[in-house]
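> Residue numbers (the UniProt record's numbering): 1 to 331. Attaching a single structure in structure tokens format; questions to follow.
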């Protein structure tokens with residue numbers, strides 16, 4: 001019996017470890033079947049592993065990389081198709097004015113470039129604030145390759161979140177040599193590609209955190225079915241402002257700081273980001289204790305739970321006191 005067990009163990013050990021799970025399972029089944037047949041005949045089995053070894057040695061053909069779609073509206077997916085609200089542009093008026101002063105231009109002369117087209121509302125919003133913006137339904141990446149991006153003084157954009165749009169936007173912002181205002185999810189600063197493309201460059205940005213979470217509007221032409229025009233806010237977002245160097249950087253930062261609206265905050269670097277603006281995966285983010293998290297959860301559900309908890313506890317105490325004598329324990 002010991003010899004049979006040893007033979008079966010040796011057969012299993014002979015199965016190559018580089019095989020897939022399915023291949024190993026098939027080989028074990030074959031080995032067990034041949035072992036049983038050999039035991040019935042009183043002989044030990046001999047298993048040919050060459051065919052499966054050859055199969056395992058074949059290097060699978062790698063899949064081609066998924067191409068990044070163009071930035072024209074025809075290639076948009078619904079999840080990426082959302083327009084930045086007007087209130088978000090109000091937050092960067094001082095930044096745009098400071099960028100115009102640094103370029104020696106007036107508000108009407110400064111040229112704003114938003115390379116990611118959705119429904120064109122950025123042109124309308126910035127026009128209300130007195131700025132000219134170039135935002136056309138064309139492929140931004142093709143324009144870069146062909147060297148036909150328009151001349152501009154400041155880059156202002158909110159890129160799509162899918163594929164590698166954010167990475168390519170950061171690379172362009174870091175290399176264009178112009179001030180930039182990028183409205184990005186709060187997790188971006190915590191990514192390696194961000195540190196590689198922008199954070200470690202000489203144009204280290206500062207951050208403008210809004211006083212409320214921005215809600216983005218999905219244009220009706222991008223909404224499938226009969227759903228109405230709706231708002232979406234998949235991630236907390238804030239402005240990544242940079243592209244200015246030396247004295248210009250300090251001047252722009254100070255003008256933005258002085259012009260902050262109530263509740264808005266500015267951080268000179270990642271280390272100074274307020275805790276509530278940090279990404280949930282940030283190791284520096286401090287989590288609330290369980291009691292605080294429970295109270296916050298109740299508040300978000302409707303606000304009545306937190307106070308009711310205290311009142312209920314007190315009420316219970318009153319009731320117990322009014323109930324008369326305390327019952328004796330029975331043993």
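Cβ coordinates follow ideal geometry from the N, Cα and C atoms, glycine included.
In whole angstroms, what is the alpha-carbon distance linking residue 307 and residue 274?
At residue 307 the pLDDT is 42, less than 50, meaning the model places this residue with poor confidence; the figure from the coordinates comes in the next sentence. Answer to the nearest angstrom: the Cα atoms are 27 Å apart.
> With residue 216 as the anchor, note down where its beta strand (DSSP E) starts and where it stops.
216 to 218
> Give every residue of the same chain whose Cβ lies closer than 7 Å to the Cβ of residue 129, excluding the five residues on either side of it in the sequence, and list them in chain order.
89 and 93
> Short check: CB of residue 83 to CB of residue 118, under 7 Å?
yes
> Which runs of the alpha helix (DSSP H) at least 4 residues long sit entirely within the stretch 110 to 152? Give them in chain order.
121 to 128 and 140 to 145
> According to DSSP, is residue 166 helix, strand or coil?
helix
> Kindly indicate the opening and closing residues of the beta strand (DSSP E) around residue 154.
154 to 157
> Determine the closest residue to residue 244 out of 26, 24, 20 and 101, with distance taken between C-alpha atoms.
101
> Measuring straight from C-alpha to C-alpha, what distance separates residue 20 and residue 39?
28 Å
> Of all the options 199, 192 and 235, which has the alpha carbon lying nearest to the alpha carbon of residue 213?
For the options 199, 192 and 235, the alpha carbon positioned closest to that of residue 213 is the one of 235.
> Classify residue 172 as helix, strand or coil using the three-state DSSP reduction.
Residue state, collapsed to three classes: helix.
> Going by DSSP, which residues form a beta bridge with residue 235?
In DSSP, residue 235 forms no bridge with anything.
> Look at the alpha carbon of residue 96 and the alpha carbon of residue 163, and state the distance between them as a whole number of angstroms.
29 Å
> Are the beta-carbon atoms of residue 170 and residue 197 separated by less than 7 Å?
yes
> In whole angstroms, what separates the C-alpha of residue 284 from that of residue 276?
Looking at the two C-alpha atoms, the distance is approximately 11 Å.
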